[in-house]
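Following: one structure in structure tokens, then a few remarks.
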Amino acid sequence: MGGLGLRDMHFHNNTLLMKLGFQLVCDVDKLWVRILKEKYKWIGVLPLSIIRIDASRLWKGLSNLWRYICRSVSWQIRDGWLTDFWYDVWVDGKEPLAAHCLLQEPPPRIPTAAMVDQAGCWD
Numbered sequence: 003m004g005g006l007g008l009r010d011m012h013f014h015n016n017t018l019l020m021k022l023g024f025q026l027v028c029d030v031d032k033l034w035v036r037i038l039k040e041k042y043k044w045i046g047v048l049p050l051s052i053i054r055i056d057a058s059r060l061w062k063g064l065s066n067l068w069r070y071i072c073r074s075v076s077w078q079i080r081d082g083w084l085t086d087f088w089y090d091v092w093v094d095g096k097e098p099l100a101a102h103c104l105l106q107e108p109p110p111r112i113p114t115a116a117m118v119d120q121a122g123c124w125d
């Protein structure tokens, strides 16, 4: 139907920000990742929020898409010491196990490895 062949810049920008967000989570040895994590006081493996008041345009763009980035990350348990049993989404689904917990108080943060005995069976 014609047209100039221009891309949807909003969609293209979000796609590139998602790629950078994935690298921010997974490529921890890259210099730019280490600099951003130090500058914005990154806490943990995958923080629930990265919103900062005095952030750069890049960081604001990442924080606007952060919920989508978090949904796109999947965990490999491996030895289980870096995966939080209750608050990381490591079981197939869209929310952490804490959302399904029936306790009055929120469950404590505990690594998945602490929930398994020496034989590898659930404790």
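Numbered per our numbering, the sequence shown spans residues 3 to 125.
Don't be surprised by glycine CBs; every beta carbon is placed ideally from N, CA and C.
Just so it is clear, the structure is predicted and the values come from calculations on it, not from any experiment.
With 16 as the cutoff for other CB atoms within 10 Å, does residue i come out buried or exposed?
i	result
G23	buried
Y70	exposed
T85	buried
W83	exposed
Thinking C-alpha only, which one of the options is nearest residue i?
i	options	result
E40	D94, P108, W88 and W61	W61
D56	H14, S76, D90 and Y42	Y42
R59	N15, A101, A100 and L48	N15
N66	M11, L19 and D10	L19
Q78	H12, A115 and T17	A115
S74	D81, R80 and D90	D90
Express the C-alpha separation of residue j and residue i in angstroms, rounding to a whole number.
i	j	result
L48	G7	38 Å
D31	G5	43 Å
D94	W88	13 Å
L64	S76	18 Å
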